[in-house]
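K.L.:
Have a look at this one before I ask anything.
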């Protein structure tokens with residue numbers, strides 16, 4: 005409140021922001037006099053000979069700008085939180101104090117934003133993950149390494165089984181690759197040259213260095229190259245739910261969304277140039293199906309060639325045309341992300357939109373010119389000669405960890421029936437009806453539903469409260485009347501009391517809801 009009050013005084017002053025352009029040398033002398041060591045560090049990384057400095061009263065800041073002209077132009081603001089943060093996110097640096105805030109031109113905009121933030125806090129996957137007993141990160145086990153508890157493991161298994169079934173339907177073959185590999189493979193791939201800072205340190209085994217894998221692609225290439233391939237075999241689609249490990253500074257780790265070990269829903273397509281567009285259409289179909297099944301709207305971006313790249317203009321043009329052509333043939337609305345491709349090829353990025361309108365990284369389709377060259381990946385064409393294969397990297401969920409985090413926040417922990425770790429809970433009114441509750445539980449479990457009976461010696465109100473807190477979709481209350489009528493009283497989370505019905509009728513209803521993967 006004290007800081008906000010001071011800010012309001014500054015706004016009321018309607019003071020001017022003044023910009024001054026000066027040489028780097030002059031700026032260096034200025035910030036040395038002010039004792040601004042962090043500004044001096046940033047200044048040393050600027051390539052320009054002239055930099056901009058903004059002044060407001062006695063405050064001097066190194067900033068590219070632009071700024072508002074006066075302090076009175078932004079009247080509606082709110083300081084949100086305070087936290088410690090390592091300088092530049094590196095735990096080896098000094099711990100600083102970071103103050104978070106937000107500002108808007110209109111009071112209504114600020115109010116709506118604060119309401120949205122409050123809802124986001126209620127949906128925070130880190131909070132829900134703890135409350136629902138989904139996962140944990142233990143310091144003695146390691147930062148950024150997720151321990152999946154039984155409920156989350158069950159959700160993951162459901163997603164993975166669905167993922168595998170849909171990939172087999174679409175002509176993919178499932179493969180597995182080891183968690184470690186010889187360092188030689190990453191020398192060939194270029195990861196040691198360009199990606200070392202995100203790789204864990206080598207381990208020496210019998211005089212040879214090994215690395216925990218940061219990517220699945222080299223392993224898939226080795227499977228492809230295990231024998232000579234003919235054009236008649238193409239396309240070859242190799243898919244893997246492969247766990248990879250990437251070093252992230254502890255300061256940037258964030259629940260399930262930013263971790264050090266994660267399982268990618270990875271696949272690599274090896275095809276001819278003529279097959280490329282059709283393969284991309286196939287991936288777009290799968291990505292759309294997955295997004296709709298899990299209840300996400302999405303936005304699509306075509307990321308084009310960056311300033312630094314490898315490959316010829318002709319090859320880049322062919323790949324970009326194939327991506328663009330696939331999007332147009334499927335009637336997909338997309339935005340251009342100019343220069344957003346990586347150095348080895350253009351890509352399509354699909355961002356999932358959650359219940360609060362936030363965008364999350366989702367499916368990615370990436371054409372790669374680099375690895376086929378580095379690994380000499382070829383096929384024998386109809387002319388009997390060897391030709392360079394076209395390689396496509398793609399994911400449709402991203403990583404299991406991040407996807408679960410997004411699902412938790414999207415649904416606020418209340419999953420659709422087909423995804424819920426526990427689909428229904430039978431609640432006997434008293435111990436007298438425990439046997440009937442177990443009979444109902446057994447009947448439903450035998451049919452394939454994930455049902456459990458709460459046989460604790462607690463009051464019915466306590467059992468209902470706990471089931472509500474655990475966000476279980478259906479509660480089945482059984483007492484004297486239900487036992488006599490051979491029924492259950494059904495309460496649905498978010499819909500209230502649905503009345504009595506025979507277990508057989510409810511069973512049919514729930515099985516249909518789960519089978520169709522219904523999302524309300």
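Numbering (our numbering), first residue to last: 5 to 524. Here a beta-carbon is modelled for each residue, glycine too, at the ideal position from N, C-alpha and C. The structure displayed is predicted, hence computed values, not measured ones.
Where do the ends of the alpha helix (DSSP H) carrying residue 374 lie?
P.N.:
374-378
K.L.:
Counting C-beta neighbours from all protein chains within 10 Å, is the total for residue 429 16 or more, i.e. buried, or is it exposed?
P.N.:
buried
K.L.:
Cutting at 6 angstroms between CB atoms, please list the residues of its own chain near residue 441, excluding the five before and the five after it.
P.N.:
430, 432, 457 and 482
K.L.:
Starting from residue 397, trace the beta strand (DSSP E) both ways and give me its first and last residue.
P.N.:
From DSSP, the beta strand (DSSP E) with residue 397 extends over 394-403.
K.L.:
Could you pull out every unbroken alpha helix (DSSP H) segment of at least 4 residues lying fully inside the segment 446-498, listed in chain order?
P.N.:
464-473 and 484-489
K.L.:
From the DSSP secondary-structure annotation, give me the bridge partner or partners of residue 248.
P.N.:
266
K.L.:
Assuming contact is defined by CB atoms lying nearer than 7 angstroms, are residue 344 and residue 402 in contact in what I supplied?
P.N.:
No; because the gap between Cβ atoms is not below 7 angstroms, this pair is not in contact.
K.L.:
Taking the alpha-carbon positions, what's the residue 364 to residue 124 distance?
P.N.:
Straight-line spacing of the CA atoms in residue 364 and residue 124 works out to 14 angstroms.
K.L.:
Taking the C-alpha atoms as reference points, what is the distance between residue 111 and residue 80?
P.N.:
6 angstroms
K.L.:
Comparing C-alpha positions only, which one of 29, 464, 353 and 223 sits nearest to residue 52?
P.N.:
Relative to residue 52, the option among 29, 464, 353 and 223 whose CA is nearest is 29.
K.L.:
What first and last residue would you give for the alpha helix (DSSP H) that runs through residue 79?
P.N.:
Unbroken run through residue 79: none, as it is neither H nor E.
K.L.:
What residues are listed by DSSP as bridge partners for residue 353?
P.N.:
305 and 368
K.L.:
When you compare each of 121, 171 and 88 to residue 101 by their alpha carbons, which one comes out closest?
P.N.:
88
K.L.:
What does the alpha-carbon distance come out to for the pair residue 302 and residue 162?
P.N.:
For the pair residue 302 and residue 162, the Cα-to-Cα distance works out to about 22 angstroms.
K.L.:
Is it the case that the Cβ atoms of residue 338 and residue 306 are separated by a distance below 7 angstroms?
P.N.:
yes
K.L.:
Just verifying my parser: in three-state terms, what is the DSSP assignment at residue 427?
P.N.:
The answer is coil: DSSP assigns residue 427 none of H, G, I, E or B.
K.L.:
State buried or exposed for residue 217, treating a residue as buried only when at least 16 other CB atoms are found within 10 Å of its CB.
P.N.:
buried
K.L.:
Which of helix, strand or coil does DSSP assign to residue 152?
P.N.:
strand
K.L.:
When you compare only the Cα positions, how much space is there between residue 209 and residue 189?
P.N.:
Cα to Cα, residue 209 sits roughly 15 angstroms from residue 189.
K.L.:
Can residue 273 and residue 239 be called in contact, C-beta distance under 7 angstroms?
P.N.:
yes
K.L.:
Does the segment 400-417 touch the segment 264-273, meaning 3 or more C-beta pairs lie closer than 8 angstroms?
P.N.:
yes
K.L.:
Within 10 angstroms of its Cβ, does residue 380 collect 16 or more other Cβ (buried), or is it exposed?
P.N.:
Exposed, by the Cβ-count rule.
K.L.:
Of all the options 487, 195 and 184, which has the alpha carbon lying nearest to the alpha carbon of residue 265?
P.N.:
184
K.L.:
I need the DSSP call for residue 334, collapsed to helix, strand or coil.
P.N.:
Residue 334: coil per DSSP, three-state reduction.
K.L.:
Would you check if the segment 249-258 and the segment 138-152 touch, i.e. whether three or more CB-CB distances between them fall below 8 angstroms?
P.N.:
Touching, yes.
K.L.:
Measure the alpha-carbon distance for residue 159 versus residue 13 and round it to whole angstroms.
P.N.:
52 angstroms
K.L.:
Does the beta-carbon distance from residue 75 to residue 131 come in below 7 angstroms?
P.N.:
no
K.L.:
Which residue or residues does DSSP assign as beta-bridge partners of residue 390?
P.N.:
384
K.L.:
Which of the three DSSP states, helix, strand or coil, is assigned to residue 221?
P.N.:
In the structure shown, residue 221 adopts helical secondary structure according to DSSP, grouped into three states.
K.L.:
Could you give the distance in angstroms between the alpha-carbon of residue 474 and the alpha-carbon of residue 494?
P.N.:
17 angstroms
K.L.:
Out of 128, 181, 38 and 91, which has the shortest C-alpha to C-alpha gap to residue 408?
P.N.:
For residue 408, the closest C-alpha among the options 128, 181, 38 and 91 is that of 128.
K.L.:
Beta-carbon separation of residue 285 and residue 323 under 7 angstroms?
P.N.:
no
K.L.:
What did DSSP end up calling residue 200 once you bin it into helix, strand or coil?
P.N.:
helix
K.L.:
Between 84, 141, 99 and 90, which lies nearest to residue 119 when the distance is taken from Cα to Cα?
P.N.:
84
K.L.:
Near residue 310, what residues of its chain come up, given a Cβ to Cβ distance below 8 angstroms and the 5 sequence neighbours on each side ignored?
P.N.:
343, 344, 345, 346 and 347
K.L.:
What residue does the alpha helix (DSSP H) around residue 193 start on, and which one ends it?
P.N.:
187-193
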